[in-house]
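Visitor: When you line the sequence shown up against this note's numbering, it's residues 127 to 405, in that order.
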Amino acid sequence: MAPLEQDVLAVREQLFHERVRECIICALLFASLYILCHFIITHFKKHTDFTGVHDDEDAAVNRIALGLCTFTLAVALGAVLLLPFSIISNEVLLSFPQNYYIQWLNGSLVHGLWNLVFLFSNLSLIFLMPFAYFFTESEGFAGSKKVSGPVNVPPVPPIPGSPLTSLPQGIMARVYETSVVLLLLTLLVLGMVWVASAIVGNDAASRQSLYDLWEYYLPYLYSCISLFGVLLLLLCTPFGLSIMFTVTGKLLVKPRLLEDLDEQLSCTRFEEAAVFHRI
Numbered sequence: 127m128a129p130l131e132q133d134v135l136a137v138r139e140q141l142f143h144e145r146v147r148e149c150i151i152c153a154l155l156f157a158s159l160y161i162l163c164h165f166i167i168t169h170f171k172k173h174t175d176f177t178g179v180h181d182d183e184d185a186a187v188n189r190i191a192l193g194l195c196t197f198t199l200a201v202a203l204g205a206v207l208l209l210p211f212s213i214i215s216n217e218v219l220l221s222f223p224q225n226y227y228i229q230w231l232n233g234s235l236v237h238g239l240w241n242l243v244f245l246f247s248n249l250s251l252i253f254l255m256p257f258a259y260f261f262t263e264s265e266g267f268a269g270s271k272k273v274s275g276p277v278n279v280p281p282v283p284p285i286p287g288s289p290l291t292s293l294p295q296g297i298m299a300r301v302y303e304t305s306v307v308l309l310l311l312t313l314l315v316l317g318m319v320w321v322a323s324a325i326v327g328n329d330a331a332s333r334q335s336l337y338d339l340w341e342y343y344l345p346y347l348y349s350c351i352s353l354f355g356v357l358l359l360l361l362c363t364p365f366g367l368s369i370m371f372t373v374t375g376k377l378l379v380k381p382r383l384l385e386d387l388d389e390q391l392s393c394t395r396f397e398e399a400a401v402f403h404r405i
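1) Do the region 159 to 167 and the region 235 to 244 touch if we need at least three Cβ pairs shorter than 8 Å?
2) Three or more C-beta pairs under 8 Å: does that hold for the region 213 to 227 against the region 254 to 268?
3) Let me check understanding here. Comparing Cα to Cα, which of P210, S212, A200, E148 lies closest to W230?
4) Could you spell out the range, first to last residue, of the alpha helix (DSSP H) harbouring Y259?
5) Quick one: residues in its chain with C-beta nearer than 8 Å to the C-beta of L254, no 5 flanking neighbours on either side, listed in chain order?
6) What is the DSSP secondary structure of L378, counted as helix, strand or coil?
7) Which term fits L360, buried or exposed, when burial requires 16 or more other beta carbons within 10 angstroms of its beta carbon?
8) Whole angstroms are fine: how far does the CA of L353 sit from the CA of T304?
9) Spatial neighbours of A153 within its chain, please: C-beta separation below 8 Å, excluding the five flanking residues on both sides.
10) Sorted by chain position, which residues of the same chain lie with C-beta nearer than 7 Å to V236's C-beta, five sequence neighbours on each side aside?
11) Check whether the Cβ atoms of L203 and L159 sit closer than 8 Å, and answer yes or no.
12) With a threshold of 8 Å between beta carbons, is V201 in contact with chain C?
13) What's the gap between the Cα of F365 and the Cα of V321?
14) Leaving out the 5 sequence neighbours to the left and right, which residues in its chain are closer than 6 Å to L249 when beta-carbon positions are compared?
15) What span of residues does the alpha helix (DSSP H) with N216 cover, start to end?
16) Cutting at 6 Å between CB atoms, please list the residues of its own chain near G178, excluding the five before and the five after it.
17) Name the residue from V134, G296, L378, F156 whose alpha carbon lies nearest to the alpha carbon of V187.
18) Work out the CA separation of L378 and T372 for me, nearest whole Å.
19) For G296, which of helix, strand or coil comes out of DSSP?
20) If you draw a straight line from the alpha carbon of F261 to that of V306, how long is it in whole angstroms?
21) Just the C-alpha distance for Q390 and G355, rounded to the nearest angstrom, thanks.
22) DSSP state of N248, grouped into three classes?
23) Under 7 Å from any heavy atom of the ligand FAD, does the C-beta of P256 make it?
24) So what does DSSP say about G317, is it helix, strand or coil?
25) Which of helix, strand or coil does DSSP assign to F142?
And the structure:
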């Protein structure tokens, strides 16, 4: 084998190992965030919502909704921690540039994390959170609900070739209803955007911009929601701090180190003399 081919294979092998290492690191980080978010949600969630459900179907729906909410919270927490992680990794690399064991904190890993967080943020915002809400509220289409029959009676298998086939039951009926509701909601939102675009500017350029849904509108929607969250944080933080200090001031006892005892004794004597004068 020629030396040039060996160099090409060495470079490809190095790129392959770096890609595998980045995938393993991303998977471990997300698994850690998912476990942490699962403990957080189960701590603040009412236990009756999970333990008090006697129907297996409702319990499975609650578990699926819990998993979707946990995934969304893990993505949000990863988006919050991504900027400090980038800054800290850069400082560590600048402090120890020759250390072999921290060379995995490179720009390729940070860039890959940014891409994954952006992708999963859009996925959670557009699909997972609405799906979790509509999935918990769904009951299945009419005629596809689970019908309770006699106890200890085995179900009758469907007859091959018969038009009376079994309808989707249980969780799949809820999945079908949730998917249809999400599809209708998406068509409604896109139709409203199309009508608004036609009212504002009825030209070919405005219609063509609507086709750039993934390249323009989803990042724009993500940026707008992020801006709304930042404005809400800036608005609520002062009120929260003022309420926190007010409650703390009511609960704590103020120190009396700077009070003048002679002045208090004089006031007490004046009050005593006033009481004796009234008597």
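Note that the Cβ used here is the ideal one computed from N, Cα and C, for glycine as well.
Guide: On the basis of the data shown:
1) no
2) no
3) Locating residue 230 in the sequence shown gives position 104, counting from the first residue. With distances taken between Cα atoms, W230 lies closest to E148.
4) Counted from its first residue, the sequence shown places residue 259 at position 133. First-last of the alpha helix (DSSP H) with Y259: 255 to 263.
5) Against the sequence shown, residue 254 aligns to sequence position 128. Answer for L254: L194, F197, T198, listed in chain order.
6) For the purposes of this step, residue 378 is taken as the residue at position 252 of the sequence shown. Coil.
7) Counted from its first residue, the sequence shown places residue 360 at position 234. Classification for L360: exposed.
8) In the sequence shown, the residue the question calls residue 304 occupies position 178. In the sequence shown, the residue the question calls residue 353 occupies position 227. C-alpha separation (whole angstroms): 29 Å.
9) Along the sequence shown, read from residue 1 onward, the residue named residue 153 stands at position 27. Once the five neighbours on either side are set aside, A153 has no close Cβ partner at all.
10) As a first step, residue 236 must be located in the sequence shown, where it is residue number 110. So the qualifying residues of the chain are S212, S215.
11) On the sequence shown, residue 203 is found 77 positions in, with the first residue counted as 1. On the sequence shown, residue 159 is found 33 positions in, with the first residue counted as 1. Taking 8 Å as the Cβ cut-off, L203 and L159 qualify as a contacting pair.
12) Within the model displayed, chain C is absent; a lone protein chain is all it includes.
13) Position 239 of the sequence shown holds residue 365. Position 195 of the sequence shown holds residue 321. F365 and V321: Cα-Cα distance of roughly 40 Å.
14) On the sequence shown, residue 249 is found 123 positions in, with the first residue counted as 1. Correct list: empty, nothing qualifies.
15) Translated into positions along the sequence shown, residue 216 becomes position 90. It spans 182 to 221 - the alpha helix (DSSP H) in which N216 sits, taken as one unbroken run.
16) As a position in the sequence shown, residue 178 is number 52, starting the count at 1. Note that G178 has pLDDT 49, beneath the 50 cutoff, so the model's placement of it is unreliable and the number below is only indicative. Hits under 6 Å: none found.
17) Within the sequence shown, residue 187 is the residue found at index 61, counting from 1. Cα-wise, what sits closest to V187 is G296.
18) Residue mapping note: residue 372 aligns to position 246 of the sequence shown, counting from 1. Residue mapping note: residue 378 aligns to position 252 of the sequence shown, counting from 1. One C-alpha to the other measures close to 10 Å.
19) On the sequence shown, position 170 is the one that residue 296 refers to. Coil, per DSSP.
20) Within the sequence shown, the letter at position 135 stands for residue 261. Within the sequence shown, the letter at position 180 stands for residue 306. Between F261 and V306, the C-alpha separation is close to 11 Å.
21) Counted from its first residue, the sequence shown places residue 390 at position 264. Counted from its first residue, the sequence shown places residue 355 at position 229. When rounded, the distance between both Cα atoms is 52 Å.
22) On the sequence shown, position 122 is the one that residue 248 refers to. Three-state result, N248: helix.
23) With respect to the ligand FAD, the structure shown offers nothing to examine, as it has no ligands at all.
24) Counting from one through the sequence shown, the residue named residue 317 turns up at place 191. It is helical.
25) For this step, residue 142 is matched to residue 16 along the sequence shown. Here F142 sits in helix by DSSP.
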